[in-house]
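Numbering (the working numbering), first residue to last: 1 to 224.
Have a look at this one:
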């Protein structure tokens, strides 16, 4: 695996626990809107501690952007990233990724699982092909929702939030489960893109199949 050392050009919190990191882009470093790379911090004791993160900008742009949820309690890469400043160096690996856009459909995301979809939405928006795609974004509480304005701009009324641990008048409460899906979706012949914790993707996949969705119409990517 080839390693690429890049400098951070900007780093800031866009939500209380979500970082937006912009880095230099290595020469001839090509990726598709759904793909990712492994990142390590170029400091002693951190160089071999790698985690996968999805690119959240368009491939044609001159820099790289990552939208990263920080987990301070784990004392891992994301917490260490949150302490870095502009000019710090990161180590990027090769490009990889299974999620890809196959056709119009419903995107079902749990927490940080929305990140593989961000560049896809930007790419579709750039091509004026966002029509008929929708996003259901599951989080624990309202404060956990991030990039809400951007998703609303891209998707309009085809963007919905659901909260599992907080009741509000603005959003439904619960999980993306069979009853919820059946209550809001009329067409189960379209594609369904699922990304979230493994237990979520497993349960949502089973619920979709029980509602008649063909296996080949379910596109899945887990994150840990």
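C-beta atoms are modelled at their ideal positions from N, C-alpha and C, and glycine is treated no differently.
These numbers come from a predicted model, not from an experiment.
Residue from the options whose Cα sits closest to the Cα of residue i
| i | options | result |
| --- | --- | --- |
| residue 173 | 136, 52 and 189 | 136 |
| residue 21 | 44, 84 and 43 | 84 |
| residue 158 | 131, 179, 139 and 175 | 131 |
| residue 195 | 49, 112 and 16 | 112 |
| residue 145 | 67, 10 and 15 | 15 |
| residue 117 | 89, 155 and 63 | 155 |
| residue 175 | 186, 207 and 149 | 207 |
| residue 28 | 49, 18, 4 and 19 | 4 |
| residue 49 | 78, 31 and 30 | 78 |
Neighbour-count burial assignment, residue i, 16 or more Cβ in a 10 Å radius
| i | result |
| --- | --- |
| residue 226 | In the structure as shown, the chain begins at 1 and stops at 224. Residue 226 is therefore absent and cannot be evaluated. |
| residue 109 | buried |
| residue 221 | buried |
| residue 140 | exposed |
| residue 65 | buried |
| residue 25 | buried |
| residue 8 | buried |
| residue 153 | exposed |
| residue 96 | exposed |
| residue 119 | buried |
| residue 91 | buried |
| residue 35 | buried |
| residue 11 | buried |
| residue 214 | exposed |
C-alpha distance - residue i paired with residue j, whole-angstrom precision
| i | j | result |
| --- | --- | --- |
| residue 72 | residue 142 | 19 angstroms |
| residue 224 | residue 169 | With a pLDDT of only 47 at residue 224, under the threshold of 50, the placement of this residue in the model should not be trusted, and no figure is reported. |
| residue 94 | residue 6 | 13 angstroms |
| residue 134 | residue 160 | 8 angstroms |
| residue 105 | residue 151 | 15 angstroms |
| residue 54 | residue 212 | 30 angstroms |
| residue 107 | residue 163 | 16 angstroms |
| residue 191 | residue 44 | 44 angstroms |
| residue 13 | residue 67 | 9 angstroms |
| residue 177 | residue 218 | 15 angstroms |
| residue 75 | residue 147 | 25 angstroms |
| residue 46 | residue 33 | 28 angstroms |
| residue 216 | residue 202 | 15 angstroms |
| residue 179 | residue 2 | 46 angstroms |
| residue 70 | residue 165 | 19 angstroms |
| residue 188 | residue 128 | 24 angstroms |
| residue 82 | residue 51 | 14 angstroms |
| residue 17 | residue 200 | 21 angstroms |
| residue 30 | residue 101 | 17 angstroms |
| residue 185 | residue 115 | 23 angstroms |
Nearest-angstrom Cβ-Cβ length linking residue i and residue j, presumed shorter than 8 angstroms
| i | j | result |
| --- | --- | --- |
| residue 39 | residue 80 | Not a contact, Cβ separation roughly 11 angstroms. |
| residue 63 | residue 37 | About 14 angstroms; that fails the 8 angstroms criterion. |
Any C-beta of chain D under 8 angstroms from that of residue i
| i | result |
| --- | --- |
| residue 44 | In the structure shown, chain D does not exist; there is a single protein chain. |
Pairs of beta-carbons, one from the segment 120 to 128 and one from the segment 45 to 61, closer than 8 angstroms: are there three or more? yes
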